[in-house]
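Participant:
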Amino acid sequence: MKKFWLVTVPRVVLGLIFLAGAIDGFFFIFTGSHLIHPPTSDPGLQFEAALKATGFFWPLMKVVEIVGACCLLSNRAPAFGLAILSPIMTVVVLFHLFLNPQGIPAAIVLLICGALLLRAYAPRYAAVFGSGDAEPVVPADTPQAARR
């Protein structure tokens, strides 16, 4: 039951948030209007418009959001999903802290869910951060000589 509240719920919540954001982003790309667009301050709207004006960054970000959300929601490589969504989560949190304060509650939800999942998946990131006790992951079909 503890795993359900500390891993499954945050994983599904983050997955749904990012999937909804990605769908809304692609809807905007194709139609020019949003399905979901919470109240945004003028500086926030300018920042969003700048991302869209690049022509490449907005679609790239939405593709990353879809891939990450699918990893989280399907529970297939959720640590990878969290890893690719983390830079976007960081920007979203900073966006709300500095440009759109009315979105701070949403930023807090992202922070809490992200922190819970980071803690749950910490062993999977150990090798990246240089922990000496992490064993390398070797596929089962790797020949014995190559395992050394």
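Quick note, my numbering runs 708 ahead of the 1-based positions in the sequence shown. Every residue, glycine too, gets a C-beta built ideally from N, C-alpha and C. As the structure is a computational prediction, the values presented were derived from the model and not from experiment.
Taking the continuous alpha helix (DSSP H) assigned at Ile-796, which residues delimit it?
Facilitator: 786-806 is the span of the alpha helix (DSSP H), which, as asked, contains Ile-796.
Participant: If you run the structure through DSSP and keep just helix, strand and coil, what is Ile-820?
Facilitator: It is helical.
Participant: Compute the distance between the beta-carbons of Leu-818 and Gly-752, then report whether it is under 7 Å.
Facilitator: No. Outside cutoff.
Participant: Leu-781 by DSSP, collapsed to three states: which one?
Facilitator: Correct three-state label for Leu-781: helix.
Participant: How many angstroms separate the CA atom of Val-715 from the CA atom of Leu-793?
Facilitator: Computed Cα separation, rounded: 16 Å.
Participant: To the nearest angstrom, report how far apart Ile-820 and Ala-834 are at their CA atoms.
Facilitator: Approximately 21 Å between the Cα atoms of the pair.
Participant: Grouping DSSP H, G and I as helix and E and B as strand, with all else coil, what is Leu-768?
Facilitator: Three-state DSSP puts Leu-768 in a helix.
Participant: Looking only at C-alpha atoms, which of Glu-773, Ile-796, Ile-816 sits nearest to Leu-805?
Facilitator: Answer by Cα proximity: Ile-816.
Participant: So, is Val-800 buried or exposed, given that buried needs 16 or more other C-beta atoms within 10 angstroms?
Facilitator: Per the 10 Å Cβ criterion, buried.
Participant: Would you mind stating whether Ala-787 and Arg-719 have Cβ atoms separated by less than 7 Å?
Facilitator: In this structure, Arg-719 does not lie closer than 7 Å to Ala-787 by Cβ.
Participant: Kindly indicate which three-state DSSP category Ala-835 falls into: helix, strand or coil?
Facilitator: Reduced to three states, the DSSP call for Ala-835 is coil.
Participant: On the criterion of 16 or more Cβ atoms from any shown chain inside 10 Å, does Met-709 qualify as buried, or is it exposed?
Facilitator: So Met-709 counts as exposed.
Participant: To the nearest angstrom, how far is the alpha carbon of Leu-781 from that of Asp-750?
Facilitator: The straight-line gap from Cα to Cα measures roughly 33 Å.
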